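Everything on this sheet refers to the single structure shown next.
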Amino acid sequence: MQPVLINIKEQRSAMFEASNNKVILDSKILELEKSLLDPICPTCSQTISETEITEIKGQVAVLKAEASLSFVDIKDIRDLDNKIEQFSQIQSQSEGVRFCELIKKERKSKVQLMKLETNIDEIEDEISGFDTDEISRQRNIRDSYIKQLSNIENDISSVEKSLEKIKKDQTQISNVISKSTQGTNSLSSVKVGLYQSLESVFSEGINELRDSARLQVEKYATSAFSQLTTETTYSGLEINQNYGLTILDHQGRALKERSAGAEQIVALSLIDGLNRTARKTGPIIMDTPLGRLDPKHRANVLKYLPKMADQVVLLVHEGEIDPNKDIENFKERIGARYAIERISSTQSRIIRSR
1 MQPVLINIKE QRSAMFEASN NKVILDSKIL ELEKSLLDPI CPTCSQTISE TEITEIKGQV
61 AVLKAEASLS FVDIKDIRDL DNKIEQFSQI QSQSEGVRFC ELIKKERKSK VQLMKLETNI
121 DEIEDEISGF DTDEISRQRN IRDSYIKQLS NIENDISSVE KSLEKIKKDQ TQISNVISKS
181 TQGTNSLSSV KVGLYQSLES VFSEGINELR DSARLQVEKY ATSAFSQLTT ETTYSGLEIN
241 QNYGLTILDH QGRALKERSA GAEQIVALSL IDGLNRTARK TGPIIMDTPL GRLDPKHRAN
301 VLKYLPKMAD QVVLLVHEGE IDPNKDIENF KERIGARYAI ERISSTQSRI IRSR
(Lines of atoms letter the chains of each structure in order from A and count residues from 1; the text may use other names and numbers.)
(Lines give C-alpha, C1' and ligand atoms only; values in the text may rest on other atoms or scores of the structure.)
Protein backbone atom coordinates (compact mmCIF):
# COMPACT_ATOMS: atom_id res chain seq x y z
CA MET A 1 0.00 0.00 0.00
CA GLN A 2 2.79 2.42 0.92
CA PRO A 3 4.40 2.62 -2.58
CA VAL A 4 1.00 3.32 -4.13
CA LEU A 5 0.30 6.08 -1.61
CA ILE A 6 3.74 7.61 -2.18
CA ASN A 7 3.16 7.55 -5.94
CA ILE A 8 -0.18 9.34 -5.57
CA LYS A 9 1.34 11.99 -3.29
CA GLU A 10 4.16 12.54 -5.77
CA GLN A 11 1.59 13.02 -8.53
CA ARG A 12 -0.24 15.58 -6.41
CA SER A 13 3.02 17.41 -5.60
CA ALA A 14 3.89 17.51 -9.30
CA MET A 15 0.46 18.96 -10.05
CA PHE A 16 0.86 21.61 -7.34
CA GLU A 17 4.29 22.50 -8.72
CA ALA A 18 2.91 22.75 -12.25
CA SER A 19 0.01 24.87 -11.00
CA ASN A 20 2.37 27.26 -9.17
CA ASN A 21 4.60 27.42 -12.23
CA LYS A 22 1.60 28.39 -14.36
CA VAL A 23 0.74 31.22 -11.96
CA ILE A 24 4.29 32.57 -12.30
CA LEU A 25 4.19 32.24 -16.09
CA ASP A 26 0.79 33.94 -16.29
CA SER A 27 2.18 36.83 -14.23
CA LYS A 28 5.16 37.23 -16.59
CA ILE A 29 2.87 37.06 -19.61
CA LEU A 30 0.65 39.76 -18.11
CA GLU A 31 3.62 42.09 -17.52
CA LEU A 32 4.96 41.60 -21.04
CA GLU A 33 1.53 42.14 -22.60
CA LYS A 34 1.21 45.40 -20.64
CA SER A 35 4.48 46.59 -22.17
CA LEU A 36 3.11 45.75 -25.62
CA LEU A 37 -0.02 47.79 -24.94
CA ASP A 38 2.03 50.72 -23.59
CA PRO A 39 5.49 50.49 -25.28
CA ILE A 40 7.22 52.99 -22.95
CA CYS A 41 9.88 51.86 -20.50
CA PRO A 42 8.69 52.64 -16.92
CA THR A 43 12.31 53.15 -15.77
CA CYS A 44 13.82 55.45 -18.45
CA SER A 45 10.56 56.63 -20.06
CA GLN A 46 11.91 55.78 -23.52
CA THR A 47 9.83 54.21 -26.26
CA ILE A 48 10.52 50.53 -26.79
CA SER A 49 11.93 49.83 -30.26
CA GLU A 50 10.24 47.62 -32.86
CA THR A 51 13.03 45.06 -32.50
CA GLU A 52 12.42 44.82 -28.77
CA ILE A 53 8.66 44.60 -29.31
CA THR A 54 9.22 41.66 -31.68
CA GLU A 55 11.41 39.96 -29.06
CA ILE A 56 8.75 40.56 -26.40
CA LYS A 57 6.09 39.01 -28.63
CA GLY A 58 8.33 35.99 -29.10
CA GLN A 59 8.80 35.69 -25.34
CA VAL A 60 5.04 35.92 -24.81
CA ALA A 61 4.45 33.11 -27.31
CA VAL A 62 7.04 30.89 -25.61
CA LEU A 63 5.66 31.62 -22.15
CA LYS A 64 2.09 30.88 -23.28
CA ALA A 65 3.23 27.54 -24.68
CA GLU A 66 4.92 26.70 -21.38
CA ALA A 67 1.84 27.83 -19.47
CA SER A 68 -0.42 25.58 -21.55
CA LEU A 69 1.84 22.63 -20.74
CA SER A 70 1.68 23.52 -17.07
CA PHE A 71 -2.12 23.63 -17.01
CA VAL A 72 -3.62 21.49 -14.26
CA ASP A 73 -7.31 20.74 -13.87
CA ILE A 74 -8.28 21.38 -10.24
CA LYS A 75 -10.59 18.35 -10.53
CA ASP A 76 -7.56 16.08 -11.01
CA ILE A 77 -5.99 17.42 -7.81
CA ARG A 78 -9.25 16.85 -5.93
CA ASP A 79 -9.40 13.29 -7.25
CA LEU A 80 -5.89 12.64 -5.92
CA ASP A 81 -6.84 14.20 -2.57
CA ASN A 82 -9.82 11.85 -2.38
CA LYS A 83 -7.59 8.86 -3.14
CA ILE A 84 -5.10 9.90 -0.44
CA GLU A 85 -7.94 10.28 2.03
CA GLN A 86 -9.30 6.85 1.10
CA PHE A 87 -5.86 5.32 1.58
CA SER A 88 -5.59 6.98 4.97
CA GLN A 89 -8.85 5.36 6.06
CA ILE A 90 -7.67 1.86 5.15
CA GLN A 91 -6.93 0.04 8.40
CA SER A 92 -6.33 -3.60 7.47
CA GLN A 93 -4.14 -5.47 5.01
CA SER A 94 -7.19 -7.03 3.30
CA GLU A 95 -8.65 -3.61 2.61
CA GLY A 96 -5.36 -2.52 1.12
CA VAL A 97 -5.22 -5.54 -1.18
CA ARG A 98 -8.80 -4.95 -2.30
CA PHE A 99 -8.05 -1.30 -3.00
CA CYS A 100 -4.99 -2.25 -5.08
CA GLU A 101 -7.13 -4.67 -7.08
CA LEU A 102 -9.61 -1.89 -7.80
CA ILE A 103 -6.79 0.33 -9.03
CA LYS A 104 -5.59 -2.46 -11.34
CA LYS A 105 -9.11 -2.88 -12.71
CA GLU A 106 -9.31 0.85 -13.29
CA ARG A 107 -6.06 0.79 -15.26
CA LYS A 108 -7.22 -2.18 -17.34
CA SER A 109 -10.49 -0.39 -18.05
CA LYS A 110 -8.58 2.66 -19.27
CA VAL A 111 -6.49 0.47 -21.57
CA GLN A 112 -9.63 -1.18 -22.94
CA LEU A 113 -11.19 2.24 -23.45
CA MET A 114 -8.15 3.35 -25.45
CA LYS A 115 -8.41 0.21 -27.59
CA LEU A 116 -12.11 0.84 -28.21
CA GLU A 117 -11.42 4.46 -29.16
CA THR A 118 -8.75 3.23 -31.59
CA ASN A 119 -11.21 0.73 -33.07
CA ILE A 120 -13.79 3.47 -33.46
CA ASP A 121 -11.26 5.62 -35.33
CA GLU A 122 -10.39 2.70 -37.62
CA ILE A 123 -14.07 2.00 -38.31
CA GLU A 124 -14.72 5.67 -39.05
CA ASP A 125 -11.79 5.67 -41.50
CA GLU A 126 -13.20 2.54 -43.15
CA ILE A 127 -16.70 4.01 -43.36
CA SER A 128 -15.35 7.19 -44.97
CA GLY A 129 -14.46 5.13 -48.06
CA PHE A 130 -18.05 4.03 -48.70
CA ASP A 131 -20.72 5.75 -50.73
CA THR A 132 -22.40 8.05 -48.21
CA ASP A 133 -25.54 8.41 -50.34
CA GLU A 134 -26.01 4.64 -50.44
CA ILE A 135 -25.36 4.39 -46.69
CA SER A 136 -27.94 7.11 -46.06
CA ARG A 137 -30.42 5.32 -48.32
CA GLN A 138 -29.90 2.00 -46.54
CA ARG A 139 -30.21 3.77 -43.18
CA ASN A 140 -33.55 5.26 -44.23
CA ILE A 141 -34.73 1.82 -45.36
CA ARG A 142 -33.64 0.36 -42.02
CA ASP A 143 -35.45 3.10 -40.09
CA SER A 144 -38.57 2.46 -42.16
CA TYR A 145 -38.41 -1.26 -41.35
CA ILE A 146 -37.88 -0.50 -37.66
CA LYS A 147 -40.96 1.74 -37.69
CA GLN A 148 -43.01 -0.94 -39.48
CA LEU A 149 -41.77 -3.55 -37.01
CA SER A 150 -42.79 -1.34 -34.10
CA ASN A 151 -46.28 -0.87 -35.57
CA ILE A 152 -46.63 -4.62 -36.16
CA GLU A 153 -45.50 -5.38 -32.61
CA ASN A 154 -48.05 -2.89 -31.26
CA ASP A 155 -50.78 -4.50 -33.37
CA ILE A 156 -49.77 -7.96 -32.14
CA SER A 157 -49.82 -6.76 -28.54
CA SER A 158 -53.27 -5.22 -29.03
CA VAL A 159 -54.64 -8.40 -30.63
CA GLU A 160 -53.13 -10.57 -27.89
CA LYS A 161 -54.77 -8.40 -25.22
CA SER A 162 -58.13 -8.64 -27.00
CA LEU A 163 -57.72 -12.39 -27.36
CA GLU A 164 -56.84 -12.74 -23.68
CA LYS A 165 -59.94 -10.76 -22.72
CA ILE A 166 -62.14 -12.95 -24.95
CA LYS A 167 -60.68 -16.09 -23.36
CA LYS A 168 -61.34 -14.74 -19.86
CA ASP A 169 -64.93 -13.85 -20.79
CA GLN A 170 -65.36 -17.30 -22.33
CA THR A 171 -64.04 -19.00 -19.19
CA GLN A 172 -66.35 -16.96 -16.96
CA ILE A 173 -69.39 -17.81 -19.09
CA SER A 174 -68.41 -21.50 -19.13
CA ASN A 175 -68.09 -21.51 -15.35
CA VAL A 176 -71.48 -19.87 -14.92
CA ILE A 177 -73.14 -22.41 -17.22
CA SER A 178 -71.41 -25.40 -15.64
CA LYS A 179 -72.40 -24.30 -12.12
CA SER A 180 -76.02 -23.79 -13.07
CA THR A 181 -78.14 -26.72 -11.82
CA GLN A 182 -80.59 -26.28 -14.69
CA GLY A 183 -77.83 -26.00 -17.28
CA THR A 184 -75.77 -29.08 -16.49
CA ASN A 185 -77.43 -31.14 -19.20
CA SER A 186 -78.76 -28.24 -21.27
CA LEU A 187 -77.94 -27.52 -24.89
CA SER A 188 -75.80 -24.53 -23.84
CA SER A 189 -73.65 -26.72 -21.61
CA VAL A 190 -73.18 -29.25 -24.40
CA LYS A 191 -72.20 -26.50 -26.85
CA VAL A 192 -69.67 -25.07 -24.39
CA GLY A 193 -68.02 -28.45 -24.01
CA LEU A 194 -67.99 -28.95 -27.76
CA TYR A 195 -66.50 -25.51 -28.45
CA GLN A 196 -63.82 -26.02 -25.81
CA SER A 197 -62.86 -29.33 -27.39
CA LEU A 198 -62.74 -27.72 -30.83
CA GLU A 199 -60.56 -24.90 -29.49
CA SER A 200 -58.14 -27.44 -28.05
CA VAL A 201 -58.03 -29.39 -31.33
CA PHE A 202 -57.36 -26.28 -33.41
CA SER A 203 -54.70 -24.98 -30.98
CA GLU A 204 -52.81 -28.26 -31.05
CA GLY A 205 -53.24 -28.46 -34.82
CA ILE A 206 -51.80 -24.98 -35.29
CA ASN A 207 -48.79 -25.85 -33.13
CA GLU A 208 -48.16 -29.07 -35.04
CA LEU A 209 -48.54 -27.27 -38.37
CA ARG A 210 -46.15 -24.53 -37.25
CA ASP A 211 -43.52 -27.07 -36.18
CA SER A 212 -43.93 -29.02 -39.39
CA ALA A 213 -43.74 -25.87 -41.51
CA ARG A 214 -40.65 -24.71 -39.64
CA LEU A 215 -38.81 -27.92 -40.52
CA GLN A 216 -39.89 -27.56 -44.15
CA VAL A 217 -38.64 -23.96 -44.23
CA GLU A 218 -35.29 -25.13 -42.80
CA LYS A 219 -35.04 -27.85 -45.46
CA TYR A 220 -35.82 -25.54 -48.40
CA ALA A 221 -33.70 -22.69 -47.01
CA THR A 222 -30.70 -25.02 -46.57
CA SER A 223 -31.11 -26.23 -50.16
CA ALA A 224 -31.17 -22.64 -51.43
CA PHE A 225 -28.25 -21.64 -49.21
CA SER A 226 -26.04 -24.43 -50.57
CA GLN A 227 -26.58 -23.09 -54.10
CA LEU A 228 -26.16 -19.42 -53.20
CA THR A 229 -23.08 -19.43 -50.97
CA THR A 230 -19.51 -19.71 -52.27
CA GLU A 231 -18.25 -21.19 -48.98
CA THR A 232 -18.00 -24.96 -49.39
CA THR A 233 -17.29 -25.68 -45.70
CA TYR A 234 -20.81 -24.73 -44.57
CA SER A 235 -23.05 -27.73 -43.89
CA GLY A 236 -26.35 -25.85 -43.96
CA LEU A 237 -28.77 -23.77 -41.90
CA GLU A 238 -30.57 -24.35 -38.61
CA ILE A 239 -33.90 -22.71 -37.78
CA ASN A 240 -35.05 -21.64 -34.31
CA GLN A 241 -38.52 -21.21 -32.77
CA ASN A 242 -38.78 -17.66 -34.17
CA TYR A 243 -37.81 -18.72 -37.70
CA GLY A 244 -34.33 -17.24 -37.34
CA LEU A 245 -31.62 -19.02 -39.32
CA THR A 246 -28.11 -19.88 -38.15
CA ILE A 247 -25.23 -21.00 -40.38
CA LEU A 248 -23.67 -24.36 -39.48
CA ASP A 249 -20.03 -25.17 -40.23
CA HIS A 250 -18.73 -28.53 -41.52
CA GLN A 251 -18.91 -29.95 -37.97
CA GLY A 252 -22.49 -28.79 -37.42
CA ARG A 253 -21.50 -25.96 -35.09
CA ALA A 254 -23.34 -22.63 -35.19
CA LEU A 255 -21.35 -19.64 -36.45
CA LYS A 256 -21.54 -16.81 -33.92
CA GLU A 257 -20.40 -14.10 -36.34
CA ARG A 258 -21.07 -13.67 -40.04
CA SER A 259 -20.41 -11.00 -42.62
CA ALA A 260 -22.94 -8.61 -44.14
CA GLY A 261 -22.79 -10.63 -47.37
CA ALA A 262 -23.54 -13.85 -45.49
CA GLU A 263 -26.50 -12.12 -43.81
CA GLN A 264 -27.83 -11.24 -47.26
CA ILE A 265 -27.44 -14.83 -48.51
CA VAL A 266 -29.22 -16.18 -45.41
CA ALA A 267 -32.06 -13.67 -45.89
CA LEU A 268 -32.53 -14.74 -49.53
CA SER A 269 -32.49 -18.40 -48.45
CA LEU A 270 -35.22 -17.72 -45.87
CA ILE A 271 -37.36 -15.94 -48.46
CA ASP A 272 -37.06 -18.92 -50.78
CA GLY A 273 -37.82 -21.37 -47.95
CA LEU A 274 -40.95 -19.49 -46.88
CA ASN A 275 -42.19 -19.12 -50.44
CA ARG A 276 -41.74 -22.83 -51.22
CA THR A 277 -43.40 -23.89 -47.95
CA ALA A 278 -46.50 -21.75 -48.60
CA ARG A 279 -49.53 -23.53 -50.08
CA LYS A 280 -49.76 -20.91 -52.80
CA THR A 281 -46.50 -19.47 -54.09
CA GLY A 282 -46.58 -15.88 -55.26
CA PRO A 283 -44.28 -13.45 -57.04
CA ILE A 284 -41.16 -12.27 -55.20
CA ILE A 285 -40.26 -8.57 -55.18
CA MET A 286 -36.87 -7.57 -53.78
CA ASP A 287 -35.28 -4.14 -53.35
CA THR A 288 -31.45 -3.88 -53.70
CA PRO A 289 -30.83 -7.59 -52.98
CA LEU A 290 -27.24 -7.52 -54.27
CA GLY A 291 -25.85 -4.43 -52.55
CA ARG A 292 -23.61 -6.28 -50.06
CA LEU A 293 -22.47 -9.15 -52.28
CA ASP A 294 -19.13 -9.78 -53.96
CA PRO A 295 -19.06 -10.73 -57.68
CA LYS A 296 -19.09 -14.52 -57.07
CA HIS A 297 -22.05 -14.39 -54.68
CA ARG A 298 -23.83 -11.98 -57.03
CA ALA A 299 -23.43 -14.43 -59.92
CA ASN A 300 -24.80 -17.31 -57.79
CA VAL A 301 -27.81 -15.25 -56.70
CA LEU A 302 -28.65 -14.11 -60.23
CA LYS A 303 -28.48 -17.71 -61.49
CA TYR A 304 -30.75 -18.92 -58.67
CA LEU A 305 -33.34 -16.12 -58.69
CA PRO A 306 -35.39 -17.56 -61.60
CA LYS A 307 -35.83 -20.77 -59.55
CA MET A 308 -37.33 -18.94 -56.57
CA ALA A 309 -40.70 -18.15 -58.16
CA ASP A 310 -42.54 -17.98 -61.48
CA GLN A 311 -42.18 -14.21 -61.33
CA VAL A 312 -39.33 -12.31 -59.67
CA VAL A 313 -39.09 -8.51 -59.65
CA LEU A 314 -35.71 -6.93 -58.85
CA LEU A 315 -35.41 -3.26 -57.93
CA VAL A 316 -31.71 -2.48 -58.40
CA HIS A 317 -29.53 0.58 -58.87
CA GLU A 318 -26.75 0.98 -61.45
CA GLY A 319 -24.00 -0.19 -59.10
CA GLU A 320 -25.64 -3.55 -58.35
CA ILE A 321 -25.80 -5.16 -61.78
CA ASP A 322 -23.33 -4.89 -64.64
CA PRO A 323 -25.41 -5.07 -67.86
CA ASN A 324 -22.43 -6.49 -69.78
CA LYS A 325 -21.68 -9.34 -67.32
CA ASP A 326 -24.35 -10.05 -64.73
CA ILE A 327 -27.38 -10.18 -67.01
CA GLU A 328 -25.80 -13.11 -68.89
CA ASN A 329 -26.62 -15.26 -65.85
CA PHE A 330 -30.39 -15.06 -66.44
CA LYS A 331 -31.06 -13.09 -69.62
CA GLU A 332 -33.25 -15.86 -71.10
CA ARG A 333 -35.65 -15.45 -68.15
CA ILE A 334 -36.00 -11.66 -68.36
CA GLY A 335 -39.55 -10.71 -69.32
CA ALA A 336 -39.06 -6.95 -69.26
CA ARG A 337 -36.61 -4.31 -68.09
CA TYR A 338 -37.55 -0.83 -66.92
CA ALA A 339 -35.48 2.21 -66.00
CA ILE A 340 -36.24 5.41 -64.11
CA GLU A 341 -35.44 8.39 -66.32
CA ARG A 342 -34.77 11.64 -64.49
CA ILE A 343 -36.55 14.66 -65.93
CA SER A 344 -35.84 17.18 -63.18
CA SER A 345 -35.08 17.31 -59.47
CA THR A 346 -38.78 16.79 -58.71
CA GLN A 347 -39.90 14.67 -61.66
CA SER A 348 -38.98 11.35 -63.26
CA ARG A 349 -40.64 8.70 -65.39
CA ILE A 350 -40.47 4.94 -65.90
CA ILE A 351 -39.49 3.77 -69.38
CA ARG A 352 -39.28 0.24 -70.79
CA SER A 353 -35.75 -0.55 -71.97
CA ARG A 354 -36.44 -4.08 -73.26
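Heads up: the sequence shown begins at 1 in the UniProt record's numbering, then just goes up one per residue. From the three backbone atoms N, C-alpha and C, an ideal C-beta is built for every residue, glycine too. Here the structure is a predicted model, which means the values were calculated and not measured.
If we count the other Cβ atoms within 10 Å of its Cβ and call it buried at 16 or more, is residue 289 buried or exposed?
Numbered from 1 along the sequence shown, position 289 holds the residue referred to as residue 289. The residue is buried, with at least 16 neighbouring Cβ atoms inside 10 Å.
Is the Cβ-Cβ distance between residue 238 and residue 246 less than 8 Å?
By 1-based counting over the sequence shown, the position of residue 238 is 238. By 1-based counting over the sequence shown, the position of residue 246 is 246. Their beta carbons are under 8 Å apart, which means residue 238 touches residue 246 by this criterion.
Just tell me which of 61, 294, 145 has its CA closest to the CA of residue 230.
The residue given as residue 230 occupies position 230 in the sequence shown. Looking at the Cα atoms, 294 is the closest of the given residues.
Among 253, 123, 167, 235, which one has its Cα closest to the Cα of residue 196?
Here residue 196 corresponds to residue number 196 of the sequence shown, with the count starting at 1. Ranking 253, 123, 167, 235 by Cα distance to residue 196 puts 167 first.
Go ahead and label residue 157 buried or exposed: buried means 16 or more other beta carbons lie within 10 angstroms of its beta carbon, across all protein chains shown.
Counting from 1 along the sequence shown, the entry for residue 157 is found at position 157. The residue is exposed, with fewer than 16 neighbouring Cβ atoms inside 10 Å.
Return the CA-CA distance between residue 74 and residue 317, expressed in angstroms with no decimal places.
Numbered from its first residue, the sequence shown carries residue 74 at position 74. Numbered from its first residue, the sequence shown carries residue 317 at position 317. Computed Cα separation, rounded: 57 Å.
Do residue 268 and residue 287 come within 8 Å of each other at the CB atom, strictly closer than that value?
Walking along the sequence shown from the start, residue 287 turns up at place 287. Walking along the sequence shown from the start, residue 268 turns up at place 268. At a Cβ-Cβ threshold of 8 Å, residue 287 and residue 268 do not count as neighbours.
So, under 8 Å CB-CB, residue 228 and residue 304 are touching, yes? Tell me the CB distance rounded to an integer number of Å.
As a first step, residue 228 must be located in the sequence shown, where it is residue number 228. As a first step, residue 304 must be located in the sequence shown, where it is residue number 304. Yes, they are in contact, since the Cβ atoms of residue 228 and residue 304 sit about 6 Å apart, within 8 Å.
Does the structure place the region 257 to 266 close enough to the region 203 to 210 that three or more beta carbon pairs sit under 8 Å?
no
DSSP on residue 278, reduced to helix/strand/coil?
Indexing the sequence shown from 1 puts residue 278 at position 278. DSSP places residue 278 in coil when its eight states are reduced to three.
Pull up the distance between the alpha-carbon of residue 250 and that of residue 236, whole angstroms please.
Start at 1 with the first residue of the sequence shown, and residue 250 comes out as number 250. Start at 1 with the first residue of the sequence shown, and residue 236 comes out as number 236. Between residue 250 and residue 236, the C-alpha separation is close to 8 Å.
Under three-state DSSP, which class holds residue 342?
Walking along the sequence shown from the start, residue 342 turns up at place 342. It is a strand residue.
Counting Cβ pairs closer than 8 Å, one from the region 19 to 32 and one from the region 62 to 72, do we hit at least three?
yes
From this set, 58, 80, 141, 34, which residue's C-alpha is nearest residue 12's C-alpha?
Translated into positions along the sequence shown, residue 12 becomes position 12. Of the candidates 58, 80, 141, 34, the one whose C-alpha sits nearest the C-alpha of residue 12 is 80.
The alpha helix (DSSP H) that contains residue 238, what's its start and end?
Along the sequence shown, one-based indexing puts residue 238 at 238. Segment 236 to 239 is the beta strand (DSSP E) holding residue 238; no alpha helix (DSSP H) there.
Is it right to say residue 273 is buried, meaning 16 or more other beta carbons lie within 10 angstroms of its own, or is it exposed?
Within the sequence shown, the letter at position 273 stands for residue 273. By the neighbour-count rule (16 or more Cβ atoms within 10 Å), residue 273 is buried.
When the Cα atoms are used, what is the spatial distance from residue 218 to residue 324?
Looking up residue 218 in the sequence shown gives position 218. Looking up residue 324 in the sequence shown gives position 324. The straight-line gap from Cα to Cα measures roughly 35 Å.
According to DSSP, is residue 267 part of a helix, a strand, or is it coil?
As a first step, residue 267 is located in the sequence shown; it is residue number 267 there, counting from the start. The answer is helix: DSSP assigns residue 267 an H, G or I state.
Is it the case that the Cβ atoms of residue 15 and residue 72 are separated by a distance below 8 Å?
Along the sequence shown, one-based indexing puts residue 15 at 15. Along the sequence shown, one-based indexing puts residue 72 at 72. Cβ distance < 8 Å, so residue 15 and residue 72 count as in contact.
Where do the N-terminal and C-terminal ends of the alpha helix (DSSP H) with residue 53 fall, by residue?
Indexing the sequence shown from 1 puts residue 53 at position 53. Residue 53 -> alpha helix (DSSP H) spans 50 to 69.
Judging by CA-CA distance, which residue of 240, 198, 224 is the nearest neighbour of residue 212?
Taking the first residue of the sequence shown as 1, we reach residue 212 at position 212. Nearest of 240, 198, 224 to residue 212, Cα basis: 240.
Please report the distance separating the alpha-carbon of residue 277 from that of residue 310.
Walking along the sequence shown from the start, residue 277 turns up at place 277. Walking along the sequence shown from the start, residue 310 turns up at place 310. Taking the straight line from one Cα to the other gives about 15 Å.
Can you tell me which of the three DSSP states residue 249 falls into?
Locating residue 249 in the sequence shown gives position 249, where the first residue counts as 1. Three-state result, residue 249: coil.
How big is the Cα-Cα spacing for residue 232 and residue 283?
Translated into positions along the sequence shown, residue 232 becomes position 232. Translated into positions along the sequence shown, residue 283 becomes position 283. Cα atoms of residue 232 and residue 283: separation of roughly 30 Å, rounded to the nearest angstrom.
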